Structure formats: structure tokens, C-alpha cells
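Sequence order for the protein chains is A and B. Numbered continuously in my numbering, the first sequence closes out at residue 85. Numbered continuously in my numbering, the second sequence closes out at residue 1376. Don't be surprised by glycine CBs; every beta carbon is placed ideally from N, CA and C. Model, not experiment: these values are computed from the prediction.
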Amino acid sequence: APSLLAASPRTSRNNYRLAQAYLDKYYTKKGGPQIGEMVARGGNSTVKKIKELQEFFGLRVTGKLDRATMDVIKRPRCGVPDVAN
Amino acid sequence: YRLFPGEPKWKKNTLTYRISKYTPSMTPAEVDRAMEMALRAWSSAVPLNFVRVNAGEADIMISFETGDHGDSYPFDGPRGTLAHAFAPGEGLGGDTHFDNAEKWTMGTNGFNLFTVAAHEFGHALGLAHSTDPSALMYPTYKYQNPYGFRLPKDDVKGIQALYGPRRAFPGKPTAPHGPPHNPSIPDLCDSNLSFDAVTMLGKELLLFRDRIFWRRQVHLMSGIRPSTITSSFPQLMSNVDAAYEVAERGTAYFFKGPHYWITRGFQMQGPPRTIYDFGFPRYVQRIDAAVYLKDAQKTLFFVGDEYYSYDERKRKMEKDYPKSTEEEFSGVNGQIDAAVELNGYIYFFSGPKAYKYDTEKEDVVSVLKSSSWIGC
Chain A
1 APSLLAASPR TSRNNYRLAQ AYLDKYYTKK GGPQIGEMVA RGGNSTVKKI
51 KELQEFFGLR VTGKLDRATM DVIKRPRCGV PDVAN
Chain B
1001 YRLFPGEPKW KKNTLTYRIS KYTPSMTPAE VDRAMEMALR AWSSAVPLNF
1051 VRVNAGEADI MISFETGDHG DSYPFDGPRG TLAHAFAPGE GLGGDTHFDN
1101 AEKWTMGTNG FNLFTVAAHE FGHALGLAHS TDPSALMYPT YKYQNPYGFR
1151 LPKDDVKGIQ ALYGPRRAFP GKPTAPHGPP HNPSIPDLCD SNLSFDAVTM
1201 LGKELLLFRD RIFWRRQVHL MSGIRPSTIT SSFPQLMSNV DAAYEVAERG
1251 TAYFFKGPHY WITRGFQMQG PPRTIYDFGF PRYVQRIDAA VYLKDAQKTL
1301 FFVGDEYYSY DERKRKMEKD YPKSTEEEFS GVNGQIDAAV ELNGYIYFFS
1351 GPKAYKYDTE KEDVVSVLKS SSWIGC
């Protein structure tokens, strides 16, 4: 986790948890009824999911939870995933 | 824009929707309005029509939910996830849920319900998220003013990829392959179009104007076609003043000047009779509009700016009439040209406007263009 973050330890732990929940919800393949998706690509590690998020939102694709990426993660949004489920 | 894998879409062009649970942060009327406007944002771009139902299962079930609400996508309290919707399909398909923990609003002091609903209905119709930041289907919230809202280009392209574009009027001739222009049929989509008479006849709704009339199913906009009155009602010729149907009797009444005809379906039942059979005073020479109220079993006749009430059971005009139309039906402006009762509402047509009147609230609940009733 530390390698993904560029912030103070406490904040970075919160950000990491927030980011993990976000990636689970919007960038992870699930079963059940279709609720919004795109064509998923192969298996997702956390870095890969971060890169997918950064690509989707047109951010610099670093695989790290930089400020711009955390800003997007903190914005209110639709509950439909951005990738296949 | 993006579609869902497999590109699920609705196979019919009239979809029902029902708001089964409301939010405490807005009045039900505001929620109704926001949903209606959000659906209209999409139906303005594609040939889809939305009909609201108030009971039973609808294609698009809309509800405000809290936390885990049984669809394996729990809400997360204030902010974060605002709402979600399911792709087109049976059962859960199309259903749309809003997080009740949010502060919903018609304005900007909270999350604008129109904005979020319009986005979610994009999913319910088959659109996934767009990567275009200017698109309505972009995943993150960005306030949209409901008044004067126009669907962004990316969303129009996406939804028309599924359903094709909405044409001005299904039967409208399109050059050069359209049928030859018939001068006796007024411009089908003249925005000032008004009707002479409107009535149900069996399962069809008939709308009369000059020498023609349109026939349509109540819940379907497609298949509306104009016909000449003489082709179905030779005796009436043109310019019908008023019409109404007593469905339980299977009879309909058509008025022209001081005469009226009784029909069963399209079959005339004998020669014309005089309107004084109903008990009108002699100075009444013609009727402007008529509407049968099913529950009360009474027919309202509109003459100028007054109206009469006729008791269909006793077959006699009620006492203390005529009364002022404006006093009784607040919010309906101008002389009544035509009227019909559908699903418990009275629809008054006055010039180019159609007023939807709620008899329980005793008020107008919406105003549309008369021409929208023939698919314009």
C-alpha cells in the first residue's frame, strides 16, 4: 500500500481504504444482474484497477493514488460500475 | 458513449414507470415532476414514450432506498454513491434506485433529482457510463438545470444508436418518398393545432379536427393515422362540435349544431336527434365540448364559458346549471374545445393547449401541447 500513496501515513491509510472500496465497487467484476459495465479486461490487481480508473477519467495513468485520482474518488457519483460486472 | 455488453434495449416503444417509494426531502409532486422531466429528456431524442402507472409492476420501478435494499448493491449513506439503475430487461431490469440518505432537491441546495434521474434513466434505457466529461452519462455528479435542459450530443448519439432518432411525426411525409401532400389535411404538426372534439370509442381515442380525425391507442403513440371523417362517419361530414362515449352502454354521442347522433362503435344508430332531448334551453344552439365522468355517471357539456351537468342514470339535466367553467375548473384557461376522461383525469383541450385536470386535487397537474396527442 505505501508505494501507492503520496501522503502522510494516517491520511494515506484512509485514502487507501477509500480507494480500495471505490475500486471494489466500480472497477471489479461481479456476478448478479447487469447494473452498468463496459467490456472488462483480464484479471485486475489494485494497480491495474487504478490505471483503469485513471484511463476512464482521462487522468495521467500512473497506477498511484495521486491527488487528482483521489479527487475523482471523492466525488459523489452514480452507483453503476464503470467496468463490466 | 458506451452501451452495455450485449447491448440490451427495450423491445417496445412505450414503457411504463412507477414511483413506488418517495423521499422525505422533497414533496411527492416535486419528485413526480423531476422524474417526468428526466424521462422526457430521453423521449425527446428517441421514439420512446413513458406512461406512468400507480400500481402493480412497471417496466421502470423507481424508489428511494436506504443502505442494503436487497439488490446486492447497497447504498453508502450521504454522498458517495447517489443512485443506480439496472440495464433493460425483465424484473429488476430498468429499475432505478435513489439513496434516501442524500438531500434531494429541485434546485442546487442538495443533489438535483432531475440531474441524477436523467442519468440513471440513461442506464435504464441501455447506456453505460461515458468517458466524455460533457456527457450526462459521465459517472460523477454535475448539476444540470432542468429548465431548458438539452441532452448533450454524446448522449444523443448513444441513445439513438439503440433506438434510432425520434421523427417529428411517424406518419409525416418525408421527401421524396412521402405520399403526395393532401391539401385538405392541415399540417399534421402545426403547433397551434386545436381539436374540435375528442372521445374514446371502444379501445381507441378519436381526435377530431375540421374534416379529419386521428385514431390512436391510449397508451401508444405509434400507429396514429389521420382519416377523413366522411370515410367513417358519412353523416357527420366535418367539424364535429363535441363527442363522448358511455363505455358501459357501448354507445357514443356526436354533436353538430343543434343535432346529435348515437353510434355503437362506428355504426350510426338511426337519424340525427335534437340536443333539446338532453334538456338544454332553446337558446343553446350548439355544444362546444362534452365529457362523460365514469364514476359520477354524469356528462358535462361545455357551452361558451359555462357548463351543464347531465345525469346519465336519470337521463335528465341536473338543476342549478349552467355554472361558470372557470370557477369550477381552476387553472383551465380559455373556452373548452374538447374534453375526455382518461385514467381518472379530465383532459381539457383549449386551443393549442391540453390541460390535465385532477378532480381530487381540483387543479390542473400538467399542461401539454394539444398536438402532442397525435405524436408531435
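Item, Value
"In terms of residue numbering, what span does the alpha helix (DSSP H) encompassing residue 1035 of chain B cover?", "1028-1043"
"Determine, using beta carbons only, whether residue 78 of chain A and residue 1119 of chain B come nearer to each other than 8 angstroms.", "yes"
"Report the rounded CA-to-CA distance for residue 65 of chain A versus residue 83 of chain A, giving the unit in angstroms.", "19 angstroms"
"I want to check one thing, is the minimum distance from the CB of residue 1367 of chain B to the heavy atoms of the ligand SAM below 7 angstroms?", "In terms of ligand content, the structure shown is empty, and the ligand SAM therefore cannot be addressed."
"Is residue 75 of chain A close to chain B, meaning its C-beta is less than 8 angstroms from at least one C-beta of that chain?", "yes"
"Pull up the distance between the alpha-carbon of residue 1173 of chain B and that of residue 1045 of chain B, whole angstroms please.", "Residue confidence for residue 1173 of chain B is low, a pLDDT of 33 falling below 50, so the modelled location carries little weight; the figure read from the coordinates is stated next. Spanning the two alpha carbons is a distance of roughly 19 angstroms."
"According to the Cβ coordinates, are residue 1208 of chain B and residue 1190 of chain B closer than 8 angstroms?", "no"
"Grouping DSSP H, G and I as helix and E and B as strand, with all else coil, what is residue 1358 of chain B?", "strand"
"Residue range of the beta strand (DSSP E) that residue 1284 of chain B falls in?", "Element bounds for residue 1284 of chain B: n/a, residue is neither H nor E."
"I want to see whether chain B comes within less than 8 angstroms of residue 82 of chain A, judged by CB atoms only; does it?", "yes"
"Whose Cβ in chain B lies nearer than 8 angstroms to the Cβ of residue 72 of chain A?", "1140"
"Starting from the C-beta of residue 1073 of chain B, find all residues in its chain whose C-beta is less than 6 angstroms away, skip the five residues before and the five after it, and write them out in chain order.", "1084"
"Quick check: the Cα distance between residue 1291 of chain B and residue 1057 of chain B, rounded to an integer number of angstroms?", "30 angstroms"
"Please identify, using Cβ separations under 9 angstroms, the residues of the stretch 1108-1131 of chain B that lie next to chain A, in order along the chain.", "1111, 1116, 1119, 1120, 1123, 1127, 1128, 1129 and 1131"
"According to the neighbour-count rule (16 or more other Cβ atoms, all chains shown, within 10 Å of its Cβ), is residue 1095 of chain B buried or exposed?", "buried"
"With DSSP collapsed to three states, give me the class of residue 1062 of chain B.", "strand"
"To the nearest angstrom, how far is it from the Cα of residue 1330 of chain B to the Cα of residue 1322 of chain B?", "16 angstroms"
"What is the DSSP secondary structure of residue 1349 of chain B, reduced to helix, strand or coil?", "strand"
"Leaving out five residues on either side along the sequence, give the residues of the same chain with a beta carbon under 6 angstroms from the beta carbon of residue 1113 of chain B.", "1034 and 1104"
"My output table needs one value for residue 1324 of chain B: the three-state DSSP class, helix, strand or coil.", "strand"
"Using a Cβ cut-off of 8 angstroms, which residues of the stretch 1064-1086 of chain B contact any Cβ in chain A, in chain order?", "1071, 1072, 1073, 1075, 1079, 1080, 1081, 1082, 1083, 1084, 1085 and 1086"
"Here's the rule I'm using: 16 or more other beta-carbon atoms within 10 Å means buried, otherwise exposed. How should residue 1242 of chain B be labelled?", "buried"
"When the Cβ atoms of the stretch 1157-1168 of chain B are set against those of the stretch 1210-1217 of chain B, are three or more pairs found closer than 8 angstroms?", "no"
"Is it a yes or a no for the stretch 1127-1144 of chain B touching the stretch 1006-1013 of chain B, going by three-plus beta-carbon pairs under 8 angstroms?", "no"
"With distances taken between CB atoms, is the gap from residue 27 of chain A to residue 53 of chain A smaller than 8 angstroms?", "yes"
"Strictly by DSSP, which residues pair up with residue 1243 of chain B?", "B:1254"
"Would you report the Cα separation of residue 1146 of chain B and residue 1082 of chain B, rounded to the nearest angstrom?", "18 angstroms"
"Going by DSSP, what residue range makes up the alpha helix (DSSP H) through residue 67 of chain A?", "67-74"
"Name the two residues that bound the continuous alpha helix (DSSP H) containing residue 1363 of chain B.", "Run containing residue 1363 of chain B: none in the alpha helix (DSSP H); it sits in the beta strand (DSSP E), 1363-1369."
"Can you say whether residue 1031 of chain B is buried or exposed, counting buried as having 16 or more other CB atoms within 10 angstroms of its CB?", "buried"
"Which residues in the same chain as residue 1354 of chain B place their Cβ atom closer than 8 angstroms to its Cβ, once the five residues preceding and following it in sequence are excluded?", "1347, 1348, 1367, 1368, 1369, 1370, 1372 and 1373"
"Between the alpha carbons of residue 1244 of chain B and residue 1199 of chain B, how many angstroms are there, rounded?", "5 angstroms"
"Report the rounded CA-to-CA distance for residue 1298 of chain B versus residue 1011 of chain B, giving the unit in angstroms.", "40 angstroms"
"Specify the secondary structure class of residue 1010 of chain B as computed by DSSP and reduced to three states.", "coil"
"With 8 angstroms set as the bound, which would you pick, yes or no: does the beta-carbon of residue 63 of chain A sit closer than that to a beta-carbon of chain B?", "no"
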